[in-house]
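Down below is the structure, laid out as structure tokens.
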Amino acid sequence: MKAFEYASPRTEREVLELLSADRGHTEILAGGTDLIGLMKKMIVKPDRVVSLNRVDSLKTIDANSTAVHVGAMVTLEDLADNPICEFYPAIRQAIGEMASQQLRAQGTVGGELCQRPRCWFFRDKRGLLAERGRAVEEGDNRFHAIFGNRGLAKFSAPSRLAPALIALDARVRILGPNPGDETLMPLEVFYRTPKSEREREHTLEPNQFVSQVILPHPEGRVSASYEVRHGMGPEYPLVAAAASVLVTGGIVREARIALGQVAPTPWISREAIDAIVGLPINYETAEAAGQAAVSVASPLSHNEYKVQLAKVAVKRALLKAAGLETGGLS
Amino acid sequence: MSKPDETGRGRSGVSRRAFLKGSGAAAAATAMTGAPGLEAEAQGAEPVAGLTTITLTVNGTPHKVEVEPRTTLLEALRMGLNLTGAKPISVDGASGGSLVLVDDKPTSANTVLAMDMVGKKIVTVESLISGDRVDAVPMAFVHHDASQCGFCTPGFIIAVKAFLAKNPKATEAEIRAGLNGNLCRCGTYANIIPAVLEVVKGGGNG
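Protein sequences, first through last, are from chains C and E.
Note that the working numbering has the first sequence beginning at 1, numbered continuously upward.
Note that the working numbering has the second sequence beginning at 331, numbered continuously upward.
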């Protein structure tokens, strides 16, 4: 690791005072499961690390009649174990899939959402865009994006929690740059595809940070997450999908379907949503929704298999949300 | 070619070790002037840099240890406190080899900063043996011959301690899934699983 200075503020205000407006100057440290490895490999080389580990106001889960406020420094384990997750099965399932126990105990909600891409070109110091996309296009892109990959960025969004949170219509609370500044935005708006190496995978300015995730009351919606993984080991999924649906009289009235690991951002599938709304959820309609989702896929040279996986993930997330058998191996 | 003498002294007559110590002291002094009033505990909003003395509570005992901001807990334990049970197998925590308990939670010591650990309760694998008393988990590993080269074993034992603390009546399938974050290159899983099942049966997770 490059030497850096360390600060451990106690309040959100102190955090903002320590963050620099210059990209790359400061890094925000949460659980450490991603950032410490990135710093050891000199992929990330901040001059200052601001640890959020002693900011107690970021560690609470508060529920009222309309929403649940989850602090960014709540650990994944504590969120999944919280009784409030009875109402949000997609969250509990997504976290339950994450190996290992130490990752769940150490990793935080905010850190999970802001982790950097797993793209091996990025992790090989060839840049977030991997030499303006060329390294991905010409190289081994088996784990890269199958949607939204026509720009320079072709990595796949790594968060395993984001698809569930987006399906559940979660918002994030962003603080800064000045003390008192506060922005609430839908989580899907928080992410954006970077167009240059100067940008990141989200819209956060370097002197802003995520303080909270806000989950609306489910109002009768049912939800589920489904991950396709290679084997049973502690690997990232190849493709993931989450669905949240409002079903009355056996008919889907509203749906939100988001995929992970398939695009440079978590990917909301408008096509899948349109395919399922107005119909009951059964094997045929869920399969048709999966088919609709991948109708706009644009796979790279080595990842066409992900198209089939994405189709199946959407189908099974819908079936699981409806409490139906998903088929396949459990 | 002259053979370097055993004290490691070069021509200047200053040993390499003494020199390193000296430069460290200089860095520490700089840090102290940069952040007065912190009492070198590295726990405030004032940024700290360079060598700083912090107190880590390990296995129930507070220890003073000199660290930099970039020192991981694993480096502080191994190099600063000579507790070499937790292992530097992977740089990013992927192997589980550096597991310790921090406030009872399984934590990869190589992916947390030592300075973030001030005030927390750190338990390492060394605490599981005191005098003649051996904790049930390492004892079961011995009974079942659950290690080969032994490098992953300390991390595995902490993983089992943490897992069983939360799942004292775990089934074999739950054990396999629950220990997913620890890797053994020798492939001793076949003996680790029966060892854990024995601890479950005996109800003796320390």
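Glycine included, C-beta positions come from ideal geometry on N, C-alpha and C.
Predicted, not measured: the structure shown is a model, and the values here were computed from it.
Could you list which residues in chain E have their beta carbon closer than 7 Å to that of E14 of chain C, in chain order? What E14 of chain C touches in chain E: A375.
Q) To the nearest whole angstrom, what separates the beta carbons of E398 of chain E and A3 of chain C, a pair I think is in contact under 8 Å? A) Yes, they are in contact, since the Cβ atoms of E398 of chain E and A3 of chain C sit about 6 Å apart, within 8 Å.
Listed from N- to C-terminal order along the chain, which residues in the stretch 15-28 of chain C have their beta-carbon within a distance smaller than 8 Å of any beta-carbon of chain E? Flagged, chain order: E17 and L18.
Quiz prompt | For L368 of chain E, three-class secondary structure by DSSP | solution = Residue confidence for L368 of chain E is low, a pLDDT of 41 falling below 50, so the modelled location carries little weight and cannot support an answer.
### Query
Residue range of the beta strand (DSSP E) that G260 of chain C falls in?
Per DSSP, G260 of chain C belongs to the beta strand (DSSP E) from I251 to G260.
- prompt: In angstroms, rounded to a whole number, what distance separates the CA positions of G423 of chain E and M447 of chain E?
  reply: Between the alpha carbons of G423 of chain E and M447 of chain E lies a gap of roughly 17 Å.
Span of the alpha helix (DSSP H) around F209 of chain C = Segment F209 to P216 is the beta strand (DSSP E) holding F209 of chain C; no alpha helix (DSSP H) there.
Backbone secondary structure at T60 of chain C - three-state DSSP: Look at T60 of chain C here: in three-state DSSP terms it is coil, with no helix or strand label.
* Asked: Given V421 of chain E, which residues of its chain have a CB within under 8 Å of its CB, disregarding the five upstream and five downstream residues?
  -> Hits under 8 Å: N440.
TODO: Please classify H217 of chain C: is it buried, with 16 or more other beta-carbons within 10 angstroms of its beta-carbon, or exposed?
DONE: Under this definition H217 of chain C is an exposed residue.
Check whether the Cβ of Q102 of chain C lies closer than 9 Å to any Cβ atom in chain E. The beta-carbon of Q102 of chain C is placed less than 9 Å from the nearest beta-carbon of chain E.
**OP:** For N141 of chain C, count neighbouring C-beta atoms within 10 Å of its own C-beta (all shown protein chains included) and say buried if the count is 16 or more, exposed if not.
**Re:** It counts as buried.
I need the straight-line Cα distance from C85 of chain C to A224 of chain C, nearest angstrom please. If you draw a straight line from the Cα of C85 of chain C to the Cα of A224 of chain C, it comes to about 12 Å.
Assigned secondary structure, K311 of chain C (DSSP; H/G/I helix, E/B strand, else coil): The answer is helix: DSSP assigns K311 of chain C an H, G or I state.
What first and last residue would you give for the beta strand (DSSP E) that runs through E182 of chain C? Per DSSP, E182 of chain C belongs to the beta strand (DSSP E) from E182 to P186.
Next on the checklist: Contact between the stretch 148-164 of chain C and the stretch 294-308 of chain C is defined here as three or more beta-carbon pairs at a separation below 8 Å; is this criterion met?
Outcome noted: Between the stretch 148-164 of chain C and the stretch 294-308 of chain C, the count of Cβ pairs shorter than 8 Å is three or higher; the stretches touch.
Length of the line joining the Cα atoms of L404 of chain E and T66 of chain C = Distance between the alpha carbons of L404 of chain E and T66 of chain C is about 43 Å.
Residues near R229 of chain C in its chain [Cβ-Cβ closer than 7 Å; skip 5 each side]:
Cβ neighbours of R229 of chain C within its own chain (closer than 7 Å, five residues either side excluded): E235, P237 and L238.
Q) Under a CB-based cut-off of 9 Å, is K154 of chain C close to chain D? A) Any reference to chain D falls outside this structure, whose protein chains are C and E.
Exercise. For my contact list, L413 of chain E and V395 of chain E are in at a C-beta cut-off of 8 Å; report their separation, rounded to the angstrom.
Key: Incorrect: roughly 10 Å between the Cβ atoms, too far for contact.
Review point. Roughly how many whole angstroms lie between the Cα atoms of E112 of chain C and T75 of chain C?
Key: Annotation: E112 of chain C to T75 of chain C spans about 9 Å, alpha carbon to alpha carbon.
- Boundaries (first-last residue) of the beta strand (DSSP E) holding H69 of chain C: Where H69 of chain C is concerned, the enclosing beta strand (DSSP E) stretches over A67 to G71.
- With DSSP collapsed to three states, give me the class of A358 of chain E. Because the pLDDT of A358 of chain E is 39, which lies under 50, any placement of that residue in the model is unreliable, and the number read from its coordinates should be weighed accordingly. Looking at A358 of chain E - three-state DSSP - the assignment turns out to be helix.
Between the C-alpha atoms of Y226 of chain C and D475 of chain E, what's the straight-line distance to the nearest angstrom? C-alpha separation (whole angstroms): 38 Å.
Please classify A286 of chain C: does DSSP put it in a helix, a strand, or coil? The answer is helix: DSSP assigns A286 of chain C an H, G or I state.
List, in order along the chain, the chain C residues whose C-beta lies closer than 8 Å to that of G445 of chain E? Strictly speaking, residue 445 of chain E in this sequence is Met, with Gly absent from that position. Residues of chain C passing the Cβ test: Y6, S8 and S51.
- Look at the Cβ atom of P436 of chain E, then the Cβ atom of Q115 of chain C, and state whether they are nearer than 9 Å. Q115 of chain C sits away from P436 of chain E, with the two beta carbons spaced by 9 Å or more.
For E205 of chain C, does the count of other Cβ atoms within 10 angstroms reach 16, so buried, or fall short, so exposed? It counts as exposed.
Margin query: Let me check you understand the geometry: is the CB of G133 of chain C closer than 8 Å to at least one non-hydrogen atom of the ligand MN?
Written below: Of ligands this structure carries none, so the ligand MN is not represented either.
Check your understanding: Is there contact between the stretch 168-180 of chain C and the stretch 129-140 of chain C, where contact requires at least three CB pairs shorter than 8 Å?
Key -> Between the stretch 168-180 of chain C and the stretch 129-140 of chain C there are fewer than three inter-stretch CB-CB distances shorter than 8 Å, so the stretches are not counted as touching.
Exposed or buried, G328 of chain C, counting other C-beta atoms within 10 Å across all chains shown (16 or more means buried)?
-> Exposed.
Item to check | Backbone CA spacing between P89 of chain C and E304 of chain C [nearest angstrom] | outcome: Across the structure, P89 of chain C and E304 of chain C are spaced so that their CA atoms are roughly 30 Å apart.
(Q) What residue range does the beta strand (DSSP E) around V530 of chain E cover? (A) V530 of chain E -> not in any beta strand (DSSP E); alpha helix (DSSP H) instead, spanning Y519 to G532.
Quick check: what's the CA-CA separation for L35 of chain C versus G250 of chain C? C-alpha of L35 of chain C to C-alpha of G250 of chain C: approximately 46 Å in a straight line.
### Task
Would you mind working out which of C:R54, C:N53 and C:S20 sits nearest P46 of chain C, comparing C-alpha positions?
Restricting attention to C:R54, C:N53 and C:S20, the CA atom closest to the CA of P46 of chain C is found in C:S20.
| field | Selection from E:T501, E:N512 and E:R515 that minimises the alpha carbon distance to P524 of chain E | value | Out of E:T501, E:N512 and E:R515, E:T501 has the C-alpha closest to the C-alpha of P524 of chain E.
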